[in-house]
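A.B. asks:
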Amino acid sequence: MSVKIRLSRAGAKKRPFYHIVIADVNAPRDGKFIERVGTYNPMLPADHADRVTLKTERLQYWLGNGAQATDRVARFLAKVDLVKTTERAEQPKQSAPKKKAQERAAAKAKAEAAA
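If you want it as structure tokens, here you go:
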């Protein structure tokens, strides 16, 4: 049985709240889970103490048993030193400004430097 540590959405419409759960890989996002090990409230400021709460002992147990964390949960776990920080993938080149936009930006920067 493959197990993931992932987010399960709760909360009202446009008021997200997430439970951090241990769930089977094949279980639906908000469906059946094995254990609830924390919460994440994105509506709170980033420096608020209750934004992310974790049961570190249970997380250590599940990580020791081979549970894999999703990208977002891995960031939370890295902040409390339960897992190593992973390298974030660079933005795809498709999202970079195209040639004309780059030329306009260079011209604008040149004009500001001359002024």
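The sequence shown finishes on residue 115 if you use full-length UniProt numbering, and the numbering steps up by one all the way, no holes. Note that the Cβ used here is the ideal one computed from N, Cα and C, for glycine as well.
Can you give the Cα-Cα distance for A113 and E103, rounded to whole angstroms?
C.D. replies: As a first step, residue 113 is located in the sequence shown; it is residue number 113 there, counting from the start. As a first step, residue 103 is located in the sequence shown; it is residue number 103 there, counting from the start. About 15 Å.
A.B. asks: Among K93, E35, P92 and A74, which one has its Cα closest to the Cα of K84?
C.D. replies: Within the sequence shown, residue 84 is the residue found at index 84, counting from 1. Ranking K93, E35, P92 and A74 by Cα distance to K84 puts A74 first.
A.B. asks: Given that a residue counts as buried once 16 or more other Cβ atoms are within 10 Å of its Cβ, and exposed if not, what is K44?
C.D. replies: As a working mapping, residue 44 is identified with position 44 in the sequence shown. Looking at the sequence provided, one finds Leu at residue 44 rather than Lys. With fewer than 16 other Cβ atoms within 10 Å, it is exposed.
A.B. asks: Mapping the DSSP letters down to three states, classify L44 as helix, strand or coil.
C.D. replies: Reading the sequence shown from its first residue, position 44 is the one you call residue 44. In this structure, L44 counts as coil in the three-state DSSP scheme.
A.B. asks: Is the beta carbon of I22 closer than 7 Å to that of V3?
C.D. replies: Within the sequence shown, residue 3 is the residue found at index 3, counting from 1. Within the sequence shown, residue 22 is the residue found at index 22, counting from 1. Yes.
A.B. asks: L59 and V37 look like a contact to me (Cβ under 8 Å); what is the Cβ gap, rounded to whole Å?
C.D. replies: Here residue 59 refers to the residue found at position 59 of the sequence shown. Here residue 37 refers to the residue found at position 37 of the sequence shown. About 5 Å separates the two Cβ atoms, so the contact holds.
A.B. asks: Take K14 as the anchor and find which of F33, L77, N41 and K32 has the nearest alpha-carbon.
C.D. replies: Against the sequence shown, residue 14 aligns to sequence position 14. Nearest option by C-alpha distance: N41.
A.B. asks: Taking DSSP's pairing of strands, which residues face Q102 in a bridge?
C.D. replies: Locating residue 102 in the sequence shown gives position 102, counting from the first residue. Answer by DSSP bridge pairing: none, since Q102 is not bridged.
A.B. asks: Kindly indicate which residue of R9, S95, F17 and H48 has the alpha-carbon position closest to the one of G30.
C.D. replies: Working through the sequence shown from its first residue, we reach residue 30 at position 30. The displayed chain sequence assigns Asp, not Gly, to residue 30. With distances taken between Cα atoms, D30 lies closest to R9.
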